[in-house]
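Number of protein chains: 2
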Amino acid sequence: MDSATKALASLSIQPTTIEHGAAETPEAWRDALKATASSPETFELVKMLVYKPKTAKTATPVPAIVIARESTETQTASIGKKFGLKDLRLANDELMREFLSVDRTSVSPLALNSTTYSKVFNVVDASLESAPGPFAIRALSSTSTLLLSGKELLTYLKSLETAEQKLNVVDFAEINSGPPTVATTGAAKAKEDAKIEGAVQIAIGVKKEVDFAAWYTNVLLKADMLDYYSVSGCYILKPWSYSIWEEIQEWFNKEIKKLGVQNSYFPMFVSQKVLEREKDHVEGFSPEVAWVTRAGQSDLEEPIAIRPTSETAMYPYYSKWIQSHRDLPLKLNQWNSVVRWEFKNPQPFLRTREFLWQEGHTAFLTKAEADAEVREILELYRQVYEDLLAVPVIPGIKSEKEKFAGGLYTTTLEGFIPTSGRGIQAATSHCLGQNFSRPEMFNISVEDPSKPNEKLYVWQNSWGLSTRTIGVMTMVHGDNQGLVLPPRVASIQAVIVPCGIKAGASDEERKSINDKCEEIAKTLRAANVRAKADLRDIYTPGYKFNDWEQKGVPLRLEIGPKDLEKKSTLTVRRDTGAKAPLPLENIAEGVSSLLETIQKEMFTRARDTYFERIKEVSKWEDVVPTLDAKCVAVIPWCEVEACEDDIKERSARASAPTDERAPSAGAKSLAIPFDQSRWTPIEPGKTKCPACGQDAKRWTMFGRSY
Amino acid sequence: MDSATKALASLSIQPTTIEHGAAETPEAWRDALKATASSPETFELVKMLVYKPKTAKTATPVPAIVIARESTETQTASIGKKFGLKDLRLANDELMREFLSVDRTSVSPLALNSTTYSKVFNVVDASLESAPGPFAIRALSSTSTLLLSGKELLTYLKSLETAEQKLNVVDFAEINSGPPTVATTGAAKAKEDAKIEGAVQIAIGVKKEVDFAAWYTNVLLKADMLDYYSVSGCYILKPWSYSIWEEIQEWFNKEIKKLGVQNSYFPMFVSQKVLEREKDHVEGFSPEVAWVTRAGQSDLEEPIAIRPTSETAMYPYYSKWIQSHRDLPLKLNQWNSVVRWEFKNPQPFLRTREFLWQEGHTAFLTKAEADAEVREILELYRQVYEDLLAVPVIPGIKSEKEKFAGGLYTTTLEGFIPTSGRGIQAATSHCLGQNFSRPEMFNISVEDPSKPNEKLYVWQNSWGLSTRTIGVMTMVHGDNQGLVLPPRVASIQAVIVPCGIKAGASDEERKSINDKCEEIAKTLRAANVRAKADLRDIYTPGYKFNDWEQKGVPLRLEIGPKDLEKKSTLTVRRDTGAKAPLPLENIAEGVSSLLETIQKEMFTRARDTYFERIKEVSKWEDVVPTLDAKCVAVIPWCEVEACEDDIKERSARASAPTDERAPSAGAKSLAIPFDQSRWTPIEPGKTKCPACGQDAKRWTMFGRSY
């Protein structure tokens with residue numbers, strides 16, 4: 001901040017500088033400031049938002065920077081309206097680096113300087129002028145903070161003005177006013193914020209309940225799970241998230257191998273002819289298929305698709321390999337990536353243009369075998385979610401409208417994101433029936449062993465689980481401190497932090513504590529607990545606490561001189577924050593048992609929340625209020641496709657107005673749960689579908705969804 | 001073969017039919033026939049070759065079918081010349097299915113019938129007429145064989161003639177004659193055959209020493225390692241080969257994690273701008289880059305590349321993530337597939353358009369650390385080849401001409417394929433130096449911890465190992481019975497086959513033998529031997545022996561009533577064919593120790609062969625004869641790039657004439673081995689480079705290569 005200090009000095013502004021430890025979230029920063037002797041009783045934070053307006057594709061986007069008091073309500077829509085900026089979205093890191101030469105973690109109002117000022121459009125909060133202050137201003141990555149009055153900050157910003165470009169100082173109270181739009185109510189405000197998808201909010205934390213989408217992105221970035229990538233809709237899976245995928249792979253591989261499934265690898269390319277063989281199937285996928293048309297400098301004779309899924313790539317070979325009933329069952333799986341070039345807003349893990357998954361493709365002699373496997377696999381998926389990720393799911397069957405394109409029926413695990421009140425398809429296991437094996441499709445047949453000379457077309461399944469798992473886990477468990485990892489998938493399950501070492505401690509004292517931490521870590525690792533001692537000497541214990549909390553490590557052990565005296569450690573649970581001493585004797589058993597408790601309780605809590613939000617609804621007029629209350633409506637449904645269309649349309653119309661970019665407000669059928677026993681028994685011929693009045697068949701979950 | 005029998009009957013031909021067990025190779029078939037009581041003393045086989053001529057891209061190719069006595073020399077070039085068919089290649093399965101409605105395993109001269117005859121061009125061996133015969137004719141997948149005289153076969157084929165299309169009966173002795181071309185000598189004949197790359201030869205086995213390329217393809221297909229795919233240059237990795245890759249992954253993952261490397265996943269797409277940032281690097285790859293230009297129905301604004309390797313995709317993020325020396329070292333790895341759209345002849349595992357690999361990308365503060373890691377990784381790769389795959393390799397450094405595009409230096413493991421006498425690059429570990437971290441490239445820098453305020457550009461490495469491993473292993477160890485798997489990577493290490501059960505044996509007797517086999521398999525599995533009892537009741541022991549030999553299972557245990565009496569089993573080694581009894585007591589120890597012996601001896605034999613073929617050459621005139629003797633020439637080299645170009649050019653010119661489609665005959669530098677001690681010490685200033693006469697620096701391996 002040297003050049004900034006210089007610039008301030010030239011304006012005769014001499015801010016107080018406070019040195020403190022590193023702190024990567026606003027909360028931690030606030031704590032660090034408060035813990036410093038030289039910090040004032042009260043201070044305010046400044047928020048700085050960087051927006052990217054919609055521009056013509058050929059034009060260079062000019063970011064709009066908003067600098068405001070933390071407490072000022074800055075409505076995106078109002079800003080856009082006031083300055084004629086179309087379709088404002090919070091900007092990504094790339095844009096920030098390009099225009100401000102800083103990234104998200106080092107942006108502050110002082111990033112506006114004589115070089116960057118002219119490159120951006122600015123909006124400054126008028127109430128800074130008279131605000132009590134002082135304002136704490138710093139780069140997030142730095143360990144010093146400047147205290148400025150609001151007036152001083154304005155003076156600094158005004159010093160950047162040029163003849164061509166003045167400061168746009170606005171009274172937000174004024175531009176926010178006008179006709180009482182939905183944006184002025186609390187609930188609508190939340191929606192207003194929630195619509196900013198895939199956004200990065202800067203220099204200030206975002207609360208999960210207030211701006212869920214920004215919260216989600218922030219958690220992923222700050223927990224080091226993921227980074228944005230230069231190709232839109234694609235993301236980098238960093239080791240912290242990839243290791244979760246590795247845990248899932250290892251477990252699932254072991255289980256499917258027990259079922260006789262073998263791993264293999266089919267090419268990522270599919271010829272156009274092969275891709276388009278199954279009509280319903282290709283209709284389901286073709287709008288999203290990415291095509292390779294050129295190699296080096298040569299145009300290909302025919303465009304080649306990148307697989308959106310591998311049914312059509314694999315089944316010509318199934319036809320060749322399966323010649324006799326003795327070649328059945330054939331059970332292959334592959335771990336690969338597939339590409340679906342979505343044009344909707346991408347969202348990390350949930351909707352990405354390339355994603356990692358496994359896809360199993362099996363063929364059987366009989367429908368009974370295929371049916372049984374569909375459910376066996378669904379049960380394995382349930383275990384991945386519930387036992388590994390501590391995420392509750394409800395197994396069921398999809399409606400005809402929602403089933404896999406070209407298949408016979410689709411079974412599903414339906415998850416739920418309480419914060420948004422939306423359902424999410426967690427994993428699917430499809431029975432394809434004989435649709436792909438028929439002679440006019442891939443012609444996969446054998447001689448029927450029970451009827452000589454008669455052809456039997458094989459029964460097929462396909463089933464897939466993707467890295468979406470990681471996104472759902474993050475959304476369900478994360479909190480305002482960051483990620484919360486279930487122990488079974490955490491690559492570090494317990495972190496041991498040396499604490500309570502006085503400033504004047506001798507090197508030996510430090511070393512003895514550090515050695516003890518390392519020794520405990522070794523003991524735990526020997527007992528198969530993934531443990532790490534954090535002995536970094538440049539960070540304070542507080543910084544480390546925060547760091548590992550953000551990253552979601554399930555358990556922290558604090559070791560200080562007093563703990564050693566008492567032969568004890570202080571354990572701190574990430575999920576509940578509960579602190580409790582634990583004797584060092586038999587530490588491995590104690591920690592293992594605590595981790596199991598955490599795993600179990602994380603699941604139980606999440607399951608209770610999910611179940612509370614599933615509401616039995618028997619009257620149409622209760623459907624939309626149920627959805628608006630962020631719940632899932634389970635209704636006795638007729639299972640008629642036209643009725644489903646109608647429900648979607650009517651529920652969208654009846655919903656409270658929402659932003660046009662938000663995911664659809666209409667409810668669709670999520671699943672027909674296998675377990676129908678939790679709701680009032682349906683009386684055939686008597687219980688009616690609340691949407692159309694026809695006879696109800698089964699209780700069906702309807703909800704808004706991802 | 002019902003319709004064929006009918007057709008023959010209508011010609012008053014009533015062939016002898018011999019029923020026998022299934023036999024999937026010509027050798028096994030011959031054995032099965034001989035074992036049948038009703039088979040004649042002597043018989044001949046018929047070979048049937050299906051060629052695809054070069055045709056205009058828009059034209060439908062008309063296959064050329066050659067039907068000849070097994071003993072007749074059928075020169076591809078002569079056939080082409082005689083009938084004006086351009087650039088004949090053996091056809092793939094797809095074509096066969098399309099035109100003959102059969103695949104490779106069920107083709108026979110009787111696949112030519114009234115429907116298929118007109119779709120193909122035929123060439124028939126005139127010597128069939130007067131051949132002693134009888135000829136055994138069958139579909140490979142069938143268990144019955146017809147015996148026909150040569151005359152009867154010709155009668156059948158002539159019955160298919162139409163006014164438009166006659167039979168082309170030729171005397172191969174005559175069309176093969178003419179000017180004494182290279183094709184008439186034994187060695188040149190081998191070359192003539194060897195040029196048929198990626199080909200499928202039908203209805204007759206191929207010997208490794210005679211037609212290596214066809215042998216290689218056959219082994220891969222018959223061992224169920226791989227299948228051809230509808231997109232050219234792409235192959236399906238079936239479980240039998242993919243499981244080898246999984247073994248390698250598991251071992252290598254464990255080792256790199258010990259070094260602190262973490263797994264991650266970067267997107268497969270790279271924007272054009274990013275891809276083209278490093279000039280030398282992009283020049284090395286751009287001719288082979290596949291471009292996505294369309295998604296669904298929309299053209300993309302800018303074409304997006306599929307990664308040929310990920311340096312340029314990853315390093316912009318390294319620049320962002322590495323801000324301080326405390327962020328170093330950064331060590332990431334990913335297991336993924338990359339695409340290099342080669343226009344040369346593809347070859348399974350060795351040169352494919354998409355292939356699986358791991359790529360590690362690391363960044364360090366100092367060159368010393370980077371140098372050390374380059375060698376650590378190379379050592380791990382050596383262990384993968386030598387300890388897991390039993391394939392000998394020579395570690396060394398690449399010449400400037402052969403190093404990785406854009407890197408500082410490349411270390412390599414050089415493998416060797418004795419059958420072709422060609423070197424093969426087995427794995428590479430590159431030091432990129434600061435070439436990618438420089439400010440004008442990706443600008444990856446930190447403040448130098450030893451020189452405050454000075455920037456330090458990081459030192460980087462990248463290293464990769466691909467599924468090429470599996471191809472090299474196949475080529476080195478396979479024999480004329482098929483694949484030979486080293487025990488450490490075999491998904492089945494020992495197969496237990498019940499034997500010696502008499503035709504009249506009771507069900508109890510059968511069951512007791514089968515139970516014993518299963519019990520032994522369980523005992524072995526409990527001792528971590530991957531064992532399987534082959535209890536399929538439809539196959540004879542002989543069929544099973546052949547089946548598992550083809551698939552390369554390292555050890556077979558035969559269990560019959562007599563073995564049980566003696567409390568013993570007969571072990572048969574796949575690598576040597578050696579048979580020895582082994583007591584059932586402590587069977588697990590005995591088998592484990594035998595597997596270790598096999599692993600060790602497979603490596604030792606392969607290493608001895610490799611080392612024998614490395615010839616110290618100090619005179620230029622010995623270079624080409626050394627190459628022609630299928631050896632590698634190690635010469636005291638000057639290390640001047642122009643000299644390397646010259647060696648390549650001169651050695652190609654001096655070589656015996658070879659087919660234009662064969663891999664280049666010119667020698668290139670393979671590696672400068674780290675261990676120079678095996679050759680006469682180079683005297684500085686005195687030892688001269690045999691190619692150019694300048695001062696020699698180090699002994700360098702030159703050879704033909706893949």
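One line per chain: the protein sequences are A and B, in this order. full-length UniProt numbering puts the first residue of the first sequence at 1, with every later residue one more than the last. full-length UniProt numbering puts the first residue of the second sequence at 1, with every later residue one more than the last. Positions of the beta carbon are idealized from the N, C-alpha and C atoms, including for glycine.
Under 8 Å between C-beta atoms of residue i and residue j
| i | j | result |
| --- | --- | --- |
| Val634 (chain B) | Trp699 (chain B) | yes |
| Leu594 (chain B) | Val458 (chain B) | no |
| Lys615 (chain A) | Thr626 (chain A) | yes |
| Leu237 (chain A) | Glu376 (chain A) | no |
| Gln460 (chain B) | Ala368 (chain B) | no |
| Val525 (chain A) | Phe349 (chain A) | This sequence places Arg at residue 525 (chain A); Val is not what is there. No, they are not a contact pair. |
DSSP state of residue i mapped onto helix, strand, coil
| i | result |
| --- | --- |
| Asn514 (chain A) | helix |
| Val591 (chain B) | helix |
| Ala213 (chain B) | helix |
| His477 (chain A) | helix |
| Ala187 (chain A) | For Ala187 (chain A), the pLDDT reaches just 41, beneath the cut-off of 50, and the residue's location in the model is therefore unreliable, although a value from the coordinates is still provided. Note: Ala187 (chain A) maps to helix in three-state DSSP. |
| Thr352 (chain B) | coil |
| Tyr706 (chain A) | coil |
| Val338 (chain B) | strand |
| Phe451 (chain A) | Phe is not the amino acid found at residue 451 (chain A); the sequence shown has Lys there. Of the three classes helix, strand and coil, the one that applies to Lys451 (chain A) here is coil, per DSSP. |
| Ala427 (chain B) | strand |
Cross-chain neighbours of residue i in chain A, by beta carbon under 8 Å
| i | result |
| --- | --- |
| Glu288 (chain B) | Ala295 and Gly296 |
| Lys600 (chain B) | Neighbours of Lys600 (chain B) on chain A: none; closest Cβ ~29 Å, over 8 Å. |
| Leu356 (chain B) | Tyr265 |
Inter-residue spacing [alpha-carbon to alpha-carbon] between residue i and residue j
| i | j | result |
| --- | --- | --- |
| Gly666 (chain B) | Ser243 (chain A) | 46 Å |
| Ile682 (chain B) | Pro316 (chain A) | 59 Å |
| Leu570 (chain B) | Pro541 (chain B) | 13 Å |
| Gly80 (chain A) | Pro132 (chain A) | 28 Å |
| Gly407 (chain B) | Leu332 (chain B) | 18 Å |
| residue 722 (chain A) | Ile496 (chain B) | The requested residue 722 (chain A) is not part of the displayed model; chain A covers only 1 to 706. |
| Tyr543 (chain A) | Trp29 (chain A) | 10 Å |
| residue 752 (chain B) | Lys403 (chain B) | In the structure as shown, chain B starts at 1 and stops at 706, and residue 752 (chain B) therefore has no counterpart that could be examined. |
| Phe702 (chain B) | Leu328 (chain A) | 50 Å |
| Ala187 (chain B) | Gly396 (chain B) | Note on Ala187 (chain B): pLDDT 41, under 50, position unreliable in the model; the coordinate value appears next. Rounded to whole angstroms, Ala187 (chain B) to Gly396 (chain B) spans 32 Å at the Cα level. |
Amino acids of chain B, ordered along the chain, whose beta-carbon sits closer than 7 Å to that of residue i
| i | result |
| --- | --- |
| Pro316 (chain A) | Ser230 |
Same chain only: Cβ atoms within 6 Å of residue i, ignoring 5 sequence neighbours per side
| i | result |
| --- | --- |
| Ala7 (chain A) | none |
| Ala490 (chain B) | Pro554 |
| Phe121 (chain B) | Val62 and Ala64 |
Contacts around residue i, its chain only, beta-carbon distance under 7 Å, and the 5 residues preceding and following it disregarded
| i | result |
| --- | --- |
| Val282 (chain B) | Leu275 and Glu276 |
| Gly500 (chain B) | Gly560, Pro561 and Lys562 |
| Ser462 (chain B) | Glu311, Glu359, Gly360, His361, His430 and Leu432 |
Partners in chain A for residue i, counting only beta-carbon separations shorter than 7 Å
| i | result |
| --- | --- |
| Val274 (chain B) | Ser230 |
Heavy atom of the ligand GDP within 7 Å of residue i beta-carbon
| i | result |
| --- | --- |
| Val62 (chain A) | Among the components of this structure there are no ligands whatsoever, and the ligand GDP is therefore not found. |
Proximal chain E residues relative to residue i, where beta-carbon distance stays under 7 Å
| i | result |
| --- | --- |
| Gln262 (chain A) | No chain E is part of this structure, whose protein chains are labelled A and B. |
Partners in chain A for residue i, counting only beta-carbon separations shorter than 9 Å
| i | result |
| --- | --- |
| Asp227 (chain B) | Tyr317, Lys320 and Trp321 |
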